[in-house]
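Chemist:
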Amino acid sequence: MVFGVKHSLLILLVILSIVKASFALTYTLTDKLGRSVSVEIPVKRAVVVITYELIPALRVWDQVVGVSMWAEKSCDLYRAIVSENPSLRKPLVGAGSNLNIEAILKLAPDIVITWSYNPENVRFLEKREIKTIAIYPDSLTELYQVIRMHGRLFGKPNRAQELIREMEGIFDLIEKRVSGIPDKMKRKAIHIGGKPNRVSCGIGVTDDIINLIGGINPAGKIKKRYADVPIEMIVKWNPDVIFIWGSAGYDTSWIYKNSQWRFIDAVKNRKVFKLPRWSTWSPRLAPISLYMAKRLYPERFKDIEFESLTNRFYKKLFGISYHKVKEYERF
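Offset between the sequence shown (1-based) and our numbering: plus 17.
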C-alpha cells in the first residue's frame, strides 16, 4: 500500500514536470542589429557583457554566470558589491569588443547580452548556437526598453518597472527645476569622450540628458552618436559647460592647461567637469543627470543634497550605499 502511494506520487511529479515544460514561456524580441531572438524565460544562465549594473538592480545574481572584464575593471558598483560579497563574483568573459568565446562556451549560457558595436562577435556566437542579444540604447526611451527587456528575460518585469519609476522621480525633479527657462537663457553644454575633440552628437542618451537638464547641445545638430571635430568648431560653439566622459584618459587639468581651449567660456569660468565612471545604460543615468544639472544650473539646485539623495537611490535600487560604492571609484 505504501509502495502504491509513493509510486503514484512519483508519477504525479513526472506529469507535473511535463506540464510545466510544455508551458515554458518563450520571449521573442528584435535586437539592435534587427535580429529576431527567441529564448525561454525566465533565463537561468546569462552572460551579461554590457549591462552588468542591472544585475544588482534587478536582483538576478543567481541567474548570471558570467560578466565582461569591464565589470571588474571599470564598474565601482560591481566591484563594491562583490568585494562585500565575494560569493557573488562572476567568471570573466573578456571585454565587450573582444569576447573570450571559449570562456563563454564553457559557461553554457542560455543567452549572451552584449552591445551591437561589434557585430562579428554576435555572428561568431550565433554560429556556435549561443543565443545572443545585441543592444545599444540611442535614447532614454530605448534605455527604458532595454531595462524592461531585462525584466522580461529574468522574470522580473515588476522590478524593472520599479527601477524606471525611481529614475523618473529624479528626472521629474530636474525637469521641474529647469522648466520655464527661456531658450535664449539656456546654457550650452557639450560632452567630450575618449579624445577631447570627440563630442557626443544628436543621437544617443547623452544628447537626451543634455536636453532634459535644460541645456543646449551645440553638437546636437550632427546626426551621429559621436563625431571628431576640430578645436576651432568647439571654440565657435563656445559652450558654457564642458562634461568629460568618466572613462576618458585625461582630466579637467588637461583642458585648463591647453592653450587652444583658453578662449572657451567653460574654460575661462572653470566650468569643466569630469563625470563619474558610471554606465549611462543603467538606472544610474538618473543621478548622473542630476550631477550634470547641478553643474549646469547650480543656482536652481543649491538646496539639493546630491550625496544624500543618491545614497537613498543606491540603497533602494542596488542594496548598497552610495558612500560605500564611492570607496571603489577610479577616476
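Even glycine gets a Cβ: it sits at the ideal position worked out from N, Cα and C.
DSSP three-state call for Arg279: helix, strand or coil?
Modeler: By one-based count along the sequence shown, residue 279 stands at place 262. Arg279: coil per DSSP, three-state reduction.
Chemist: For the beta strand (DSSP E) holding Tyr267, just list the boundary residues, first then last.
Modeler: Taking the sequence shown and counting its residues from 1, one reaches residue 267 at position 250. Element bounds for Tyr267: n/a, residue is neither H nor E.
Chemist: Check whether the Cβ atoms of Ile259 and Lys288 sit closer than 8 angstroms, and answer yes or no.
Modeler: The residue labelled residue 259 in the question sits at position 242 within the sequence shown. The residue labelled residue 288 in the question sits at position 271 within the sequence shown. Yes, Cβ-Cβ distance for Ile259 and Lys288 is below 8 angstroms.
Chemist: I need the boundaries of the beta strand (DSSP E) containing Ile239, first residue and last residue.
Modeler: Your numbering for residue 239 matches position 222 in the sequence shown. Ile239 -> no beta strand (DSSP E), and no H or E assigned at all.
Chemist: Is it true that the CB of Tyr161 sits closer than 8 angstroms to the CB of Leu210?
Modeler: The sequence position of residue 210 within the sequence shown is 193, counting from 1. The sequence position of residue 161 within the sequence shown is 144, counting from 1. Looking at the sequence itself, residue 210 is Gly, so the reference to Leu does not match. Cβ atoms of Gly210 and Tyr161: not closer than 8 angstroms.
Chemist: Return the Cβ separation of Asn234 and Ile207 in integer angstroms, given the expectation that the two are a contact with Cβ distance under 8 angstroms.
Modeler: As a working note, residue 234 is residue 217 in the sequence shown. As a working note, residue 207 is residue 190 in the sequence shown. Right, their Cβ atoms sit about 7 angstroms apart.
Chemist: Give the straight-line distance between the Cα atoms of Pro199 and Lys205, rounded to the nearest whole angstrom.
Modeler: On the sequence shown, residue 199 is found 182 positions in, with the first residue counted as 1. On the sequence shown, residue 205 is found 188 positions in, with the first residue counted as 1. Roughly 13 angstroms separates the two Cα atoms.
Chemist: Can at least three beta-carbon pairs, one atom from the segment 263 to 275 and one from the segment 152 to 159, be found at a separation below 8 angstroms?
Modeler: Output reads no: the segment 152 to 159 does not touch the segment 263 to 275.
Chemist: Using C-beta distances below 7 angstroms, list every residue in its chain close to Ser264, excluding the 5 sequence neighbours before and after it, in chain order.
Modeler: In the sequence shown, counting from the first residue as 1, residue 264 sits at position 247. The answer, listed in chain order, is Ser91, Arg294.
Chemist: So Ser91 is in the alpha helix (DSSP H); what residue range does that whole segment cover?
Modeler: Position 74 of the sequence shown, counting from 1, holds the residue named residue 91. Looking at the DSSP string, the run of the alpha helix (DSSP H) that includes Ser91 is 86 to 91.
Chemist: Which residue marks the beginning of the alpha helix (DSSP H) containing Ser53, and which one marks its end?
Modeler: Here the question's residue 53 lines up with position 36 in the sequence shown. Here Ser53 belongs to no alpha helix (DSSP H); instead the beta strand (DSSP E) covers 53 to 58.
Chemist: Confirm, please, whether the CB-CB distance from Leu142 to Ile121 is below 8 angstroms.
Modeler: Here residue 121 is taken as the residue at index 104 of the sequence shown, counted from 1. Here residue 142 is taken as the residue at index 125 of the sequence shown, counted from 1. Result yes, Cβ atoms of Ile121 and Leu142 sit closer than 8 angstroms.
Chemist: Just tell me which of Glu249, Phe290, Ser53 has its CA closest to the CA of Asp268.
Modeler: Position 251 of the sequence shown, counting from 1, holds the residue named residue 268. Answer by Cα proximity: Phe290.
Chemist: By Cβ distance below 7 angstroms, which residues in the same chain neighbour Met309 in space, the five residues on each side in sequence not counted?
Modeler: Start at 1 with the first residue of the sequence shown, and residue 309 comes out as number 292. Closer than 7 angstroms at Cβ, skipping near neighbours: Ile226, Ile230, Phe260.
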